[in-house]
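Number of protein chains: 2
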Amino acid sequence: MNNKNLLVVILIVTIIFSCKPSEEKNITVNSTAEQELIFPKGKIIANDNFVGNAWLEMLVFADSINQNSVGSVTFEPGARTNWHSHPNGQIILALEGEGYYQEKGSEKKLLRKGDVVKCPSNIPHWHGASSDTEFIQVAITSRINGSTEWLEAVTDQEYTKR
Amino acid sequence: MNNKNLLVVILIVTIIFSCKPSEEKNITVNSTAEQELIFPKGKIIANDNFVGNAWLEMLVFADSINQNSVGSVTFEPGARTNWHSHPNGQIILALEGEGYYQEKGSEKKLLRKGDVVKCPSNIPHWHGASSDTEFIQVAITSRINGSTEWLEAVTDQEYTKR
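So the protein lines, in turn, are chains A and B.
Position 97 (the first sequence) corresponds to 97 in our numbering; numbering is contiguous.
Quick note, our numbering runs 1000 ahead of the 1-based positions in the second sequence.
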């Protein structure tokens, strides 16, 4: 092999090995994205208080001293709670994706990662995912004055109204 | 230029351009990592209730109806709260990094992303980052029986004890 042929071989080997790490980095990025979820998705919610599929991972149960329950809820695109109200209000922390929050008589608000909602007591409202993006939220619910009052479903007309 | 020299030039140009995107991907990865933060870091905590630097972003203030406050706290490596207790307990959600939680008389527990702690009422405890990793947590504090009672600092000996 002459010097030039040797150089060509070295260059080809260099290309192959110098570019391999970039593929590996990509794989790492993808798996990191999957691992970004903070809390487990939990179990599918099997009651009639939701439209579409939603999953609940209970993080903290209320007890006689600290009467807050905390849960992580994942809504598939288009999924939402029924209208409901909380006797002592609720706090919503938007963790991922894109969702909506609406109080009766007000316009729906877009919720994105990092948005925080403090629902007042006894005000009917609903929350859920946007029509094309999953939505993950943490709900902090004070049970001090009793449990959630569930109301009617959010119709498609209500859900899609701008 | 003969064919072999041309080939060498093509190969060198190929190396330069084929490997550039991997650098760009790296930059994207880094900026994604920065954007992963859910809540703003907030302001540095400027009181004597902490050892080391910690930052607080208040998410929800307690009011007369819903007496929970919610805040996101970022501890630099080695930073921790002083010993303290809450008259109606506290809930800690570990969002990122690696931290510790310890109740008086018990061993310290390692906290990682997704871990949840329900601190009992009136039990002295501390929380903070591990010695080499930043720690981000959300604290949900019920103010219903009054505010936090702050105690002595966590000594290095207490902090490093296994």
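We put the CB at the ideal spot given by N, CA and C, even for glycine.
Beta-carbon of glycine 1042/B versus every beta-carbon of chain A: anything under 8 Å?
Not a single C-beta of chain A is nearer than 8 Å to the C-beta of glycine 1042/B.
Could you tell me the alpha carbon to alpha carbon distance between arginine 162/A and alanine 79/A, rounded to whole angstroms?
If you take the alpha carbons of arginine 162/A and alanine 79/A, they lie about 17 Å apart.
Please tell me whether glutamate 1152/B and serine 1085/B are closer than 8 Å, where the distance is taken between their beta carbons.
No, the Cβ-Cβ distance between glutamate 1152/B and serine 1085/B is not below 8 Å.
Count the other C-beta atoms from every protein chain shown that fall within 10 angstroms of the C-beta of proline 21/A, then say buried if there are 16 or more, exposed otherwise.
Here proline 21/A scores only 42 on pLDDT, less than 50, and its place in the model should not be relied on; the value that follows carries that caveat. Its Cβ having fewer than 16 others within 10 Å, proline 21/A is exposed.
Glycine 1097/B, buried or exposed, once every other Cβ within 10 Å from all chains shown has been counted against 16
Counting Cβ neighbours within 10 Å, glycine 1097/B comes out buried, since at least 16 surround it.
Measuring straight from C-alpha to C-alpha, what distance separates asparagine 53/A and tyrosine 101/A?
In a straight line, the C-alpha of asparagine 53/A is about 17 Å away from that of tyrosine 101/A.
Assumed close pair proline 1077/B, alanine 1139/B - CB separation to whole angstroms, cut-off 8 Å:
Actually they are not in contact, since the Cβ atoms of proline 1077/B and alanine 1139/B sit about 19 Å apart, beyond 8 Å.
Based on DSSP bridge pairs, tell me the residues matched to threonine 141/A.
Threonine 141/A pairs with Ser69/A and Gln90/A.
For the beta strand (DSSP E) containing glutamate 57/A, list its first residue and its last residue.
Taken as a continuous stretch (DSSP letters only), the beta strand (DSSP E) holding glutamate 57/A covers 54 to 60.
Given that a residue counts as buried once 16 or more other Cβ atoms are within 10 Å of its Cβ, and exposed if not, what is phenylalanine 1061/B?
The residue in question, phenylalanine 1061/B, is exposed, as its Cβ has fewer than 16 Cβ neighbours within 10 Å.
What residues match up with serine 1130/B in a beta bridge as DSSP calls it?
Serine 1130/B is not bridged to any residue.
Can you find a C-beta in chain B that's less than 8 Å from the C-beta of serine 142/A?
For serine 142/A, the nearest beta carbon of chain B is closer than 8 Å to its own beta carbon.
Glutamine 90/A: which of Leu111/A, Gly105/A, Asp156/A and Ile144/A sits nearest, CA to CA?
Taking only the C-alpha atoms, the option nearest glutamine 90/A is Ile144/A.
Kindly indicate if chain A contains any beta-carbon less than 8 Å away from that of glycine 1097/B.
With its beta carbon at least 8 Å from every one in chain A, glycine 1097/B lies outside the interface.
If distances are taken between C-alpha atoms only, which option among Pro87/A, Glu107/A and Phe75/A comes closest to alanine 94/A?
If we check each option's Cα against that of alanine 94/A, Phe75/A comes out closest.
The ligand GDP and phenylalanine 1050/B: does the residue's C-beta get closer than 7 Å to at least one heavy atom of that ligand?
As far as ligands go, the structure on display features none, and thus does not contain the ligand GDP.
8 Å Cβ shell around proline 1040/B - same chain, five flanking residues per side excluded
Only Glu1057 and Ser1072 meet the Cβ criterion.
Pick helix, strand or coil for isoleucine 160/A, following the three-state DSSP scheme.
The sequence as given places threonine at residue 160/A; isoleucine does not occur at that position. The three-state secondary structure of threonine 160/A, taken from DSSP, is helix.
Run through chain A and tell me which residues come within less than 7 Å of serine 1106/B, C-beta to C-beta.
Listed along the chain, the chain A residues whose CB falls inside 7 Å of the CB of serine 1106/B amount to none; the nearest CB is some 18 Å away.
Please decide whether lysine 113/A counts as near chain B, where near means a Cβ-Cβ distance under 8 Å.
Yes, lysine 113/A counts as interfacial toward chain B.
Cβ distance (whole Å) where glutamate 1103/B is taken to contact isoleucine 1123/B below 8 Å:
For glutamate 1103/B against isoleucine 1123/B, the beta-carbon gap comes to about 5 Å, under 8 Å, which counts as contact.
With a CB to CB cut of under 6 Å and the five nearest residues on each side skipped, what residues in its chain are close to lysine 1109/B?
Around lysine 1109/B: Tyr1101.
Evaluate alanine 1033/B with the Cβ neighbour count: other Cβ atoms within 10 Å of its Cβ, from every protein chain shown; 16 or more gives buried, anything less gives exposed.
Below a pLDDT of 50, predicted positions are generally treated as unreliable, and alanine 1033/B, at 45, falls in that range; no measurement from the model is reported.
Counting only beta-carbon atoms, is leucine 59/A nearer than 8 Å to chain B?
Interface residue, yes.
Proximity winner among Tyr159/A, Val154/A, Glu158/A and Thr160/A, relative to asparagine 49/A (alpha-carbon distances)
Considering only alpha carbons, the answer is Val154/A.
Reducing DSSP to helix, strand and coil, say where phenylalanine 1135/B ends up.
Note: phenylalanine 1135/B maps to strand in three-state DSSP.
Could you tell me whether any Cβ in chain A is nearer than 8 Å to the Cβ of glycine 1052/B?
So, not an interface residue.
Of all Cβ atoms in chain E, is any one closer than 8 Å to the Cβ of lysine 118/A?
Checking the listed chains, one finds no chain E in this structure; the protein chains it contains are A and B.
Straight-line Cα distance separating serine 121/A from serine 147/A
Rounded to the nearest angstrom, the two C-alpha atoms are 11 Å apart.
Closer than 8 Å to chain A by CB, glycine 1089/B:
Glycine 1089/B counts as touching chain A.
Proximity test, Cβ basis, 8 Å: glutamate 36/A and chain B
Answer yes: the Cβ-Cβ gap between glutamate 36/A and chain B drops below 8 Å somewhere.
Determine, for leucine 1151/B, whether the minimum Cβ-Cβ distance to residues of chain A falls below 8 Å.
No, its Cβ sits nowhere closer than 8 Å to a Cβ of chain A.
Exposure label - aspartate 132/A; buried when at least 16 CB within 10 Å:
Classification of aspartate 132/A: exposed, given that the 10 Å Cβ count is below 16.
Closest by C-alpha distance to isoleucine 1065/B, when choosing among Ser69/A, Gln137/A, Ile136/A and Asn88/A
If we check each option's Cα against that of isoleucine 1065/B, Asn88/A comes out closest.
Give the straight-line distance between the Cα atoms of tyrosine 159/A and tryptophan 1126/B, rounded to the nearest whole angstrom.
The C-alpha of tyrosine 159/A lies about 44 Å from the C-alpha of tryptophan 1126/B.
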